[in-house]
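Structure first, commentary second.
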Amino acid sequence: MRLATWNVNSALVRLPRLLPWLDERNPDIVCLQETKLSDEAFADALAAPLAERGYEFAHVGEGRWNGVAILSRVGLDDVERQLPGAPTFGDVLEARAVTATCGGLRVTSVYVPNGRTPDDPHYAYKLEWLAALRDSVTDPATTVIAGDMNIAPTDVDVWDPAVFTESTHVTPPERAALAELVGLGLIDVVRAKWPDHDRIFTYWDYRAGRFHQDLGMRIDLVLAGADPAGRVAAAWVDRKARKGSGPSDHAPVIVDLDEALDGDIGPVVPPPSTPKKLPPRR
DNA sequence: ATGTCATTTTGTAAATGA
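Take 1 as the starting number for the first sequence in the working numbering and just add one per residue.
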């Protein structure tokens, strides 16, 4: 089973990239962020092409900003349209989380508040929001939280830590909030797969040729509980989706899970009765 | 680099957010 997360920076504008990407990568579960659409507009633009590809979806949108979705072709049940106890920013309950049960996993697509700068009210809101996210996890073992965390877990996840010392995304309180979430029993599966690699980035600013120079950050994460984390066969960043014309400023993260051993693994195809004969070596 | 992209509007240029 293939799970992916992608901050698309407008699902409508990204449609010419999103649909071919679905066809190429064939994910079973997709968490999207920054759809920037109302629920109605998302359905108008995407319901037909997604149905054609076998996906059900759950979308939570505001219209102008934010907006998250889960696409699934392995079931989509018990949809929760917000985090329990999610804080508002001003009076607005922003569209930053949607949860559903897909393929035996409790999946949440998250778009964590950016924070702007550490002295901005948006930063305090970010920390409150992360606390609500932590408190929303009831069964870590089967949980997957995937999306744009707007936090680089360590300095290795930033192209130049010196550039970000006074910035959001790397401050100790944000990293502590992420550590609390992980401390519930979740695993950052890309980092677990590539413990010694630097320059694993998922986001590159559009400005200043940052992608071309590979000056990015790893802020899009897949956090998985013990069951899915133990079945990770592959975990990687799809940098190809950041190239070419009209990309998002984020690349997708793709995670492949082996089938659960205690479940129905489907029909077992027997090997051919006669082994194929190799041509003679010359 | 103040470098781009996407959104919206007392709208067609400027603001806001990332």
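Every residue gets a Cβ at the ideal spot worked out from N, C-alpha and C, and that includes glycine.
Checklist entry - Excluding sequence positions up to five away, which residues of its chain have a Cβ less than 6 Å from the Cβ of Gln33? => result Asn7, Val68, Tyr111, Gly147, Asp148
Checklist entry - Starting from Leu37 and walking both ways along the beta strand (DSSP E), at which residues does that stretch end? => result Looking at the DSSP string, Leu37 is not in any beta strand (DSSP E), and its letter there is neither H nor E.
Next on the checklist: So the candidates are Asp157, Val158, Ala177, Val137; which of them puts its Cα closest to the Cα of Ala124?
Outcome noted: Ala177
Next on the checklist: Let's test the definition: count the other Cβ atoms within 10 Å of the Cβ of His250 and tell me whether it reaches 16, buried, or not, exposed.
Outcome noted: buried
Next on the checklist: When you compare the CB positions of Thr5 and Val182, do they come within less than 9 Å of one another, or not?
Outcome noted: no
Item to check | Limits of the unbroken beta strand (DSSP E) element including Ser167 | outcome: Note, Ser167: premise wrong, no beta strand (DSSP E); not H, not E.
Item to check | DSSP three-state assignment for Ser136, whether helix, strand or coil | outcome: helix
Next on the checklist: Buried or exposed, going by whether 16 or more other CB atoms sit within 10 Å of the CB of Tyr55?
Outcome noted: buried
Next on the checklist: So, with DSSP's three-state summary, where would you put Asp249?
Outcome noted: coil
Checklist entry - Among Asn114, Arg175, Asp44, Cys102, which residue has its Cα nearest to the Cα of Arg96? => result Asn114
Item to check | Spatial distance of Glu80 from Ala58 (CA atoms) | outcome: 9 Å
Checklist entry - Can you tell me whether DSSP reads Tyr123 as helix, strand or coil? => result helix
Checklist entry - Shortest alpha-carbon distance to Ala11 belongs to which of Val255, Ser248, Asp256? => result Ser248
Next on the checklist: Given a cut-off of 9 Å on the beta-carbon distance, is the pair Arg2 and Pro20 in contact?
Outcome noted: no
Next on the checklist: Quick check for students: name the residue ranges of the beta strand (DSSP E) that lie wholly in the region 55-87, counting only runs of 3 or more.
Outcome noted: 56-60, 68-72, 77-80
Item to check | Where the beta strand (DSSP E) containing Val98 begins and where it ends | outcome: 97-102
Next on the checklist: Just to confirm, is the Cβ distance from Val170 to Asp188 under 9 Å?
Outcome noted: no
Item to check | Whole-angstrom distance between Asp220 and Ala192, CA atom to CA atom | outcome: 14 Å
Checklist entry - Hey, Ala100 and Asp78 are a contact pair by Cβ (cut 8 Å); roughly how many whole angstroms apart? => result 7 Å
Next on the checklist: Check this for me: beta carbons of Ala260 and Gly75, under 9 Å apart or not?
Outcome noted: no
Next on the checklist: Taking the alpha-carbon of Ser72 as reference, which of Ala47, Ser38, Pro84 has the nearest alpha-carbon?
Outcome noted: Ala47
Checklist entry - Exposed or buried, what is Ser109 when buried is set at 16 or more other beta-carbons lying within 10 Å of its beta-carbon? => result buried
Next on the checklist: Rounded to whole angstroms, what is the Cα-Cα separation between Lys243 and Arg53?
Outcome noted: 24 Å
Next on the checklist: Just verifying my parser: in three-state terms, what is the DSSP assignment at Asp198?
Outcome noted: coil
Item to check | Inside the region 8-51 only - alpha helix (DSSP H) runs reaching at least 4 residues | outcome: 15-25
Item to check | Residue closest to Gln82, alpha-carbon to alpha-carbon, out of Ala141, Trp129, Asp214 | outcome: Trp129
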